[in-house]
Amino acid sequence: MDINKTLLEIKSLNKDIDEIVREKIGLNLDSFLDPEISRSLFEKTLKRIYSNVGLEHLDLDKLDDFDRIMTFHLMMIFINLLEDQSIKEKIIEKEINKISQTLQKLLERKEIKTIIELAKSLDIEASLIEEPQIIYIAIDDRYRTRVIVNEVKIDFLNFVNILKILKTQNVEKYDLMNLSVSKGYVYMPLYSDNDYPSLYSLLTDLVKIKIKDKIKRYSYLIETLVLEDYRKRLKELEEKVRGVKKDLYIRSMVKIVKKIESLEVSEREDLFPKCIKNIIEKIKNYEEFRPEELYLLTVFLAYTKISEENISKIFGENHKHLNLIKNIVKRINEHKNREIYYPIPSCSYIKNVLKIVDEECEYKNPLRHYLRLLHKELEKSYDEEET
Numbered sequence: 001m002d003i004n005k006t007l008l009e010i011k012s013l014n015k016d017i018d019e020i021v022r023e024k025i026g027l028n029l030d031s032f033l034d035p036e037i038s039r040s041l042f043e044k045t046l047k048r049i050y051s052n053v054g055l056e057h058l059d060l061d062k063l064d065d066f067d068r069i070m071t072f073h074l075m076m077i078f079i080n081l082l083e084d085q086s087i088k089e090k091i092i093e094k095e096i097n098k099i100s101q102t103l104q105k106l107l108e109r110k111e112i113k114t115i116i117e118l119a120k121s122l123d124i125e126a127s128l129i130e131e132p133q134i135i136y137i138a139i140d141d142r143y144r145t146r147v148i149v150n151e152v153k154i155d156f157l158n159f160v161n162i163l164k165i166l167k168t169q170n171v172e173k174y175d176l177m178n179l180s181v182s183k184g185y186v187y188m189p190l191y192s193d194n195d196y197p198s199l200y201s202l203l204t205d206l207v208k209i210k211i212k213d214k215i216k217r218y219s220y221l222i223e224t225l226v227l228e229d230y231r232k233r234l235k236e237l238e239e240k241v242r243g244v245k246k247d248l249y250i251r252s253m254v255k256i257v258k259k260i261e262s263l264e265v266s267e268r269e270d271l272f273p274k275c276i277k278n279i280i281e282k283i284k285n286y287e288e289f290r291p292e293e294l295y296l297l298t299v300f301l302a303y304t305k306i307s308e309e310n311i312s313k314i315f316g317e318n319h320k321h322l323n324l325i326k327n328i329v330k331r332i333n334e335h336k337n338r339e340i341y342y343p344i345p346s347c348s349y350i351k352n353v354l355k356i357v358d359e360e361c362e363y364k365n366p367l368r369h370y371l372r373l374l375h376k377e378l379e380k381s382y383d384e385e386e387t
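Have a look at this one:
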């Protein structure tokens, strides 16, 4: 793999990097196009990705400025090698959170110049207006002059970014009346402590846009570069993360099952979530159903303590699928007694893949939804007993 070519490609896409590196450590990027240093950067980038998904720990504060900047940009390439969208989103979310936390600390200390340096490293053009300047702003179809000083000037690059922010964020968090837009730049006043939250919100939103745009810009590199070794290692990462997520999900589900078992309450099929009711109706009406739907139904019935007698009542004694359902539920219960559990599909999977319902449950899991309703019924019965 031509690692040096990768670094040169990054440099061509981000002309400011060379300047940033030179300012920070007194050398330009070409000085670092050495195979050993390059390989080290790639390994540190992988470690940064592993850290973001919780498989390793990396203290970014212990990286020097060059490594911190370069691993960030390399990571934007590596993210394109991942196939699991949820893992991609987790990494992006973690990076955004880290930057947001850094911004928050810098704003609390009012280190505006450091904030501007950070923004520039993310390709957000920003500067502090320290000397009075006159700008022209459009108000009511007219241009008016305004004298500005002690304001942060931010280039939106294009009007699309403004629309993205206004569409996806709470507009009220920006004091729009205090913003001035002139020649593609927005000016954020810093006259009082009340102005800083708006600057934080705007920069955080721009960071989200920039990171996602950067990932798209770098996507073509995975086609032109030989990154198979890293693709394999990231594939292993995805498998590990999925294994950890599945293990945590099953542990969470087991807790719910045990809570349901501990409740002294009669069987309540009327409290079943909509997805389960829809499958029951489909089977009762002899409509065609998929194996995944049968799996969801039988696991749910087994873990909600529904007796064989009640299963017969639900479907009718003469239903042709009754014995099949009862036998599967019985087998799942036998495994449960040996502490072997089957993961029940999440609400998002039920909605988006199985398409059994139009909306996801509030609790993201059919068993948790059922447990919540059981608790409500118990509270209601306790209140009735007391009165």
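FYI, in the numbering used here the residues of the sequence shown are 1 to 387. Every residue, glycine too, gets a C-beta built ideally from N, C-alpha and C. These numbers come from a predicted model, not from an experiment.
Residue state for residue 120 is assigned as helix, using DSSP reduced to three classes. Counting along the chain, the unbroken alpha helix (DSSP H) around residue 249 starts and ends at 228-262. Taking C-beta separations shorter than 6 Å and ignoring five residues to either side along the sequence, residue 62 has no partners in its chain.
Taking 9 Å as the cut-off, the beta carbon of residue 325 is found closer than this to the beta carbon of residue 297. Minimum Cα-Cα distance from residue 108 among the listed residues 48, 190, 46 corresponds to 190. Going by DSSP, residue 189 is part of no alpha helix (DSSP H) but of the beta strand (DSSP E) stretching over 185-189. Excluding the 5 residues flanking it on each side, residue 360 has same chain C-beta neighbours closer than 7 Å at 347, 348, 351, in chain order.
For residue 129, the uninterrupted beta strand (DSSP E) run begins and ends at 126-129, by DSSP. With 16 or more other Cβ atoms inside 10 Å of its own Cβ, residue 121 counts as buried. Put simply, the backbone Cα of residue 187 is about 22 Å away from that of residue 105. DSSP places residue 63 outside any alpha helix (DSSP H), giving it a letter other than H or E.
Counting along the chain, the unbroken alpha helix (DSSP H) around residue 312 starts and ends at 308-315.
Secondary-structure assignment with DSSP links residue 380 through no beta bridge to anything. Sequence-distant Cβ neighbours of residue 48 in its own chain, meaning closer than 7 Å and more than five residues away, are 58, 71, 75. Residue environment: residue 353 is assigned as exposed (fewer than 16 neighbouring CB atoms within 10 Å of its CB, all protein chains considered). Taking C-beta atoms under 8 Å as the contact rule, residue 291 and residue 366 fail to qualify, at a distance of about 17 Å. Bridge partners of residue 154 according to DSSP: 126, 186. Counting along the chain, residue 335 sits inside the alpha helix (DSSP H) bounded by residues 322-337.
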